[in-house]
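If you're matching positions, the sequence shown starts at 173 in our numbering and goes up one per residue.
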Amino acid sequence: MDKVIGSAAEAVADIPDGATLSVGGFGLCGIPSALIQALLEGGTKDLEVVSNNAGVDDWGLGLLLGAGRLRRVVASYVGENKEFARQYLAGELEVELTPQGTLAERLRAGGSGIPAFFTATGVGTQVADGGLPWKYDSAGTVEKTSPAKQTQVFETAEGPKEFVLERAIVADYGLVRAWKGDRHGNLVFKDSARNFNPLAAMAGRVTIAEVEQLLEPGEIDPNHVHLPGVFVHRVVPLTPEQAAEKRIEKRTTR
Numbered sequence: 173m174d175k176v177i178g179s180a181a182e183a184v185a186d187i188p189d190g191a192t193l194s195v196g197g198f199g200l201c202g203i204p205s206a207l208i209q210a211l212l213e214g215g216t217k218d219l220e221v222v223s224n225n226a227g228v229d230d231w232g233l234g235l236l237l238g239a240g241r242l243r244r245v246v247a248s249y250v251g252e253n254k255e256f257a258r259q260y261l262a263g264e265l266e267v268e269l270t271p272q273g274t275l276a277e278r279l280r281a282g283g284s285g286i287p288a289f290f291t292a293t294g295v296g297t298q299v300a301d302g303g304l305p306w307k308y309d310s311a312g313t314v315e316k317t318s319p320a321k322q323t324q325v326f327e328t329a330e331g332p333k334e335f336v337l338e339r340a341i342v343a344d345y346g347l348v349r350a351w352k353g354d355r356h357g358n359l360v361f362k363d364s365a366r367n368f369n370p371l372a373a374m375a376g377r378v379t380i381a382e383v384e385q386l387l388e389p390g391e392i393d394p395n396h397v398h399l400p401g402v403f404v405h406r407v408v409p410l411t412p413e414q415a416a417e418k419r420i421e422k423r424t425t426r
């Protein structure tokens, strides 16, 4: 039951080239920065990443992006990363933009064993009708577009309404960061750092959690557990320096 791994490098060592990763975080809040750094140093490439966003140019997933390690990104927001825009428009990166709530539910569904679900979000737009540019070629011509999705009318309290079918996401590996975690993998997230982390963890076939505080089994009140250890396969305790390094995406002063 002891899921503790000695280092981030050891925890990600078996992630192969071409793997799909579900990665927690929102902006730079709650990102698994130590695991991302270990992947960068390990040289893993051709990765598909499912995450709310792709970090910034010099931190988070932006480090893997800048090193040319990502082949595809499924995200809902990418506006803080100039290199992301450059690679996308130059045909170096495939991008599937997904409404934020839909992305969250696709991850949750994947972790819950639900293959697909219907949602009203995106009906009547290219999200449902298809045609969103997924990939450009080097000349700036659209090379690949999103497919049309199945729609269906259901009876609701407001009357008949159209919904679009969205498919669940299951990743090869999930990478997340928690405030507290015990040796069994039970996790507690702090404040807004919870964000996409529980969902990214649920969606991973093998989930790796870096934790700021490692506790013994029983030290976390069961009522306070945000993610049960059944979803977590490896726990990496951070050093005090790693735990303290939390960058601010946009610093505002008066």
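Beta carbons: idealized from backbone N, C-alpha and C, even for Gly.
Every value quoted in this text rests on a predicted model; they were computed, and no experiment measured them.
Simplified DSSP state of residue i, which is helix, strand or coil
i: K427; result: Since the displayed the chain opens at 173 and closes at 426, residue 427 lies outside it and no answer follows.
i: I208; result: helix
i: R278; result: helix
i: V299; result: helix
i: P400; result: coil
i: Y249; result: coil
i: L386; result: strand
i: L371; result: helix
i: F256; result: helix
Reference residue i; option with closest CA among the options
i: S223; options: L211, T216, T192 and E213; result: T192
i: P305; options: R278, G263 and T291; result: G263
i: A416; options: G190, A206 and E330; result: A206
i: R423; options: N367, G283 and G199; result: G199
i: V250; options: Q272, V402 and G240; result: Q272
i: L362; options: K307, A343 and V383; result: Checking the displayed sequence, the identity of residue 362 turns out to be Lys instead of Leu. Considering only alpha carbons, the answer is V383.
i: E391; options: A320, K352 and K321; result: K352
i: V225; options: A292, V402 and N367; result: Checking the sequence shown, residue 225 turns out to be Asn, not Val. Closest by alpha carbon: N367.
Chain-order list of residues whose beta-carbon lies under 6 Å from that of residue i (same chain, five-residue window excluded)
i: A427; result: Absent from the structure is residue 427, since the part of the chain shown begins at 173 and ends at 426.
i: E252; result: V228
i: A276; result: L371
C-beta atoms of residue i and residue j nearer than 8 Å
i: L269; j: S248; result: yes
i: P409; j: L386; result: yes
i: G357; j: A381; result: yes
i: E220; j: R241; result: no
i: H396; j: V348; result: no
i: D218; j: D189; result: yes
i: F326; j: K333; result: yes
Those residues which DSSP pairs with residue i across a bridge
i: Y345; result: L193 and V378
i: P332; result: E327
i: T317; result: P305
i: T411; result: Beta-bridge pairing links T411 to no other residue.
Contact set for residue i: own chain, Cβ-Cβ below 8 Å, skip 5 residues either direction
i: L212; result: L235, L236, A239 and R241
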